[in-house]
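Some notes on the structure that comes next.
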Amino acid sequence: MTTINLRHVLGALAAASLSLRGSLALVLPSNSLRSVTIESSSALHSAVGDPEISLNPIVASVKVSKTVEIFSLVKQMEADGESVTSLCVGEPDFLPPQAVLDAAMAAINDGDTRYTAVTGTAPLREAIAADLKRRKGLEYNPQTEIIVGNGAKQCVYQSILAICGPGDAVIIPAPYWPSYPEMVALAGAESIVVETTAESGYLVTPEKLRIILEKHPNVKGLILCNPSNPTGGVYRKDDLEAVADVLKDFPNVAIVADEIYERLVYDEECTAFASMKGMFSRTMTINGFSKAYAMTGMRLGYVAAPQRLAKAITTIQSQLTSCAGSISQAAGVAALTLVTDDELEANVKIMKEKRDYVLGELEKMPGVSVAMPPNGAFYVLPDVSGYFGGDDAELCLQLLKSQKLAIVPGSSFGAPGTVRISYATSMQELQTAMQKFGDFLSEQT
Ligand code: PLP
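Residue numbers for the sequence shown follow the numbering used here, beginning at 7 and rising by one.
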């Protein structure tokens, strides 16, 4: 993978250098071209490539997202004229609802292009609070307990940063979304990754949780992703209650409840962790508009948290980005006030058909198994440990090379021997992908 990557990066740099020279040639008289080109490129080199500049050691401890890395590689391969089938990114293939697009256009036309309050516009915060009350029975004060950010990702990071720093620890059940441990590292804290099983619904068991909390008094947070990326699992309410019961004995532990996929559930209810008895006052609920409303590029998410935590998150956001984009926020209001439940349900129904198709195809493949059929989100995490001696990264690399099919190695989600497949793409693309995957695996036996 590194070789391909390097080759593409080098190619891109060469192209950039050529275009720089080309544009200079257009604006400068020919006799000045040579000297100016050399001066500008050497100035660039000393600024960018200076080996004397030491980097923040935290950066060295943080990994680049594997999903993003593979996705960039796919984009580069496509730019090189190769046709790649990609099931690696968690992005719905449908457009946002028309009301959302119209609201974004109206915001542009109305010149709604200014900074907003750090925590977001009042109409958006009010719409979020009303939505949480209507669907989850949770009561948040829109003035002090809702913070709108540039995507759920930023909201997760700010929530982690609000509760922990050097010397602190955060519990992350595996399989996990790869950004969690890296965000904890960015905060200077330590991750305690806890293995889970399909039988326990991929949730840390109460017994295990108690042992860890007793052993590590420096634990400041627990991250719960429900429904889960990458397993697609939806936590059962009674299991969440059992976790909450343990947490009652450890009042210093906050919960980052990442519920960004909560509207994408099949035959299942997603229970908000903040609704568990005694948990409201220490839960930071993360949600956003990327998945249910397909607004990935609009970068809009939020965190709902009790006032003290919300204030800390607001302070962080005020110094990092000021506020989310005003146009996206106007679109977010439309998403929550104009898009009907039926409209969203229609997308969920289509997603469920895709899930069923993928599960059916995987079932036909020898040596591939799915421990717990996913009931939410749009991922499936099949076990493929019988191939490539369990080296899932090698499997993904060979698959990309030979079949031009991109999926993500499970080891980057703390689940070695598996691969993560995102089925949030067109049925046609899924059919091609499953054919390629089946062909590839049968060539290995
Ligand atoms: N949380 C989880 C579990 C995700 O899978 C993702 C995106 O893939 C995010 C948060 C980030 O979403 P957003 O696009 O709102 O930043």
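Even glycine gets a Cβ: it sits at the ideal position worked out from N, Cα and C.
At a cut-off of 7 Å, is Ser334 close to the ligand PLP when judged by its beta-carbon and the heavy atoms of the ligand?
Numbered from its first residue, the sequence shown carries residue 334 at position 328. Because no heavy atom of the ligand PLP lies under 7 Å away, the Cβ of Ser334 does not count as near it: no.
Looking at the unbroken alpha helix (DSSP H) that takes in Gly493, where does it start and where does it end?
Residue 493 is absent from the model: the chain starts at 7 and stops at 451.
For Ser89, which of helix, strand or coil comes out of DSSP?
Translated into positions along the sequence shown, residue 89 becomes position 83. Here Ser89 sits in coil by DSSP.
Quick one: is Val74 buried, meaning 16 or more other Cβ sit within 10 Å of its Cβ, or exposed?
Counting from 1 along the sequence shown, the entry for residue 74 is found at position 68. So Val74 counts as exposed.
Can you determine whether any heavy atom of the ligand PLP sits closer than 7 Å to the C-beta of Cys231, and answer yes or no?
Walking along the sequence shown from the start, residue 231 turns up at place 225. Cys231 Cβ: within cutoff of the ligand PLP.
For a test of the three-state rule: what should DSSP assign to Val414, helix, strand or coil?
Looking up residue 414 in the sequence shown gives position 408. Strand.
DSSP state of Ser165 mapped onto helix, strand, coil
As a working mapping, residue 165 is identified with position 159 in the sequence shown. It is helical.
Does the beta carbon of Asn224 come closer than 8 Å to any beta carbon on chain B?
Any reference to chain B falls outside this structure, which holds one protein chain only.
Note down, in chain order, each residue of its chain lying with its Cβ closer than 7 Å to the Cβ of Gly173, except the 5 sequence neighbours on either side.
As a working mapping, residue 173 is identified with position 167 in the sequence shown. For Gly173, where only same-chain residues beyond five positions count, the Cβ hits under 7 Å are Asn224.
Since Val90 contacts Ala412 with CB under 8 Å, what's their CB separation in whole angstroms?
Against the sequence shown, residue 90 aligns to sequence position 84. Against the sequence shown, residue 412 aligns to sequence position 406. Correct: roughly 6 Å between the Cβ atoms.
I'd like to know whether the C-beta atoms of Glu196 and Ala175 end up nearer to each other than 8 Å.
Taking the sequence shown and counting its residues from 1, one reaches residue 196 at position 190. Taking the sequence shown and counting its residues from 1, one reaches residue 175 at position 169. It is a contact, given that the beta carbons lie within the stated cut-off.
Per DSSP, Gly307 is paired with what?
Position 301 of the sequence shown holds residue 307. Looking at the DSSP assignment, Gly307 forms a beta bridge with Gly155 and Gly294.
Check for me: the beta strand (DSSP E) holding Gly227 runs from which residue to which?
Position 221 of the sequence shown holds residue 227. Per DSSP, Gly227 belongs to the beta strand (DSSP E) from Val225 to Cys231.
Span of the alpha helix (DSSP H) holding Ile64?
For the purposes of this step, residue 64 is taken as residue 58 along the sequence shown, with counting starting at 1. Run containing Ile64: Pro63 to Ala66, per the alpha helix (DSSP H) assignment.
Verify whether the separation of the beta carbon atoms of Ala330 and Gly155 is less than 8 Å.
Stepping through the sequence shown from its first residue, residue 330 is reached at position 324. Stepping through the sequence shown from its first residue, residue 155 is reached at position 149. Yes, the pair counts as a contact, with Cβ atoms nearer than the cut-off.
Quick check on the DSSP output: what are the complete beta strand (DSSP E) runs of length 3 or more inside the segment 246–296, in order along the chain?
Here the runs fully enclosed are 260–264 and 289–294.
Would the segment 88–104 and the segment 116–128 be scored as touching if the rule is three or more Cβ pairs under 8 Å?
no
Integer-rounded CB distance, given that Phe384 should sit under 8 Å from Gly96
By one-based count along the sequence shown, residue 96 stands at place 90. By one-based count along the sequence shown, residue 384 stands at place 378. Sure, about 7 Å apart at Cβ, within 8 Å.
Which residue or residues does DSSP assign as beta-bridge partners of Tyr385?
Locating residue 385 in the sequence shown gives position 379, where the first residue counts as 1. Tyr385 pairs with Ser428.
Are the Cβ atoms of Val374 and Leu447 separated by less than 8 Å?
Position 368 of the sequence shown, counted from the start, is the residue given in the question as residue 374. Position 441 of the sequence shown, counted from the start, is the residue given in the question as residue 447. For the 8 Å CB-CB criterion, Val374 and Leu447 form a contact.
Which word fits Pro388, buried or exposed, when buried means at least 16 other C-beta atoms lie within 10 angstroms of its C-beta?
To locate residue 388, count along the sequence shown from 1; it is residue 382. That one is buried.
Nearest to Thr125 by alpha carbon, out of Asp362, Asp397 and Ser324?
Position 119 of the sequence shown, counted from the start, is the residue given in the question as residue 125. For Thr125, the nearest C-alpha among the options comes from Ser324.
For Leu79 and Ser36, the rounded distance between their alpha carbons:
Taking the sequence shown and counting its residues from 1, one reaches residue 36 at position 30. Taking the sequence shown and counting its residues from 1, one reaches residue 79 at position 73. Interpretation of Ser36 is limited by its pLDDT of 36, a score under 50 that renders its predicted location unreliable; the figure taken from the coordinates is listed afterwards. Approximately 37 Å between the Cα atoms of the pair.
Helix, strand or coil for Glu359? Go by DSSP, reduced to three states.
Numbered from its first residue, the sequence shown carries residue 359 at position 353. It is helical.
Between which residues of its own chain and Leu401 is the CB-CB distance below 8 Å, once the five residues before and five after are set aside?
Here residue 401 corresponds to residue number 395 of the sequence shown, with the count starting at 1. The residues are Val390, Tyr393, Phe394, Pro415 and Val425.
Let me know if Arg288 comes out buried or exposed under the rule of 16 or more other beta-carbons within 10 Å of its beta-carbon.
Residue mapping note: residue 288 aligns to position 282 of the sequence shown, counting from 1. Under this definition Arg288 is a buried residue.
For Leu246, which residues of its own chain have a beta-carbon under 7 Å away from its beta-carbon, when the five flanking residues on both sides are left out?
As a first step, residue 246 must be located in the sequence shown, where it is residue number 240. Cβ neighbours of Leu246 beyond the five flanking positions: Thr277, Phe279 and Met282.
Glu369: buried (16+ other C-beta within 10 angstroms of its C-beta) or exposed?
For the purposes of this step, residue 369 is taken as residue 363 along the sequence shown, with counting starting at 1. Exposed is the call here.
Taking 8 Å as the cut-off, does the segment 145–161 touch the segment 311–320 (at least 3 CB pairs, one atom from each stretch)?
yes
State buried or exposed for Gly284, treating a residue as buried only when at least 16 other CB atoms are found within 10 Å of its CB.
Here residue 284 corresponds to residue number 278 of the sequence shown, with the count starting at 1. Gly284 is exposed by the Cβ-count criterion.
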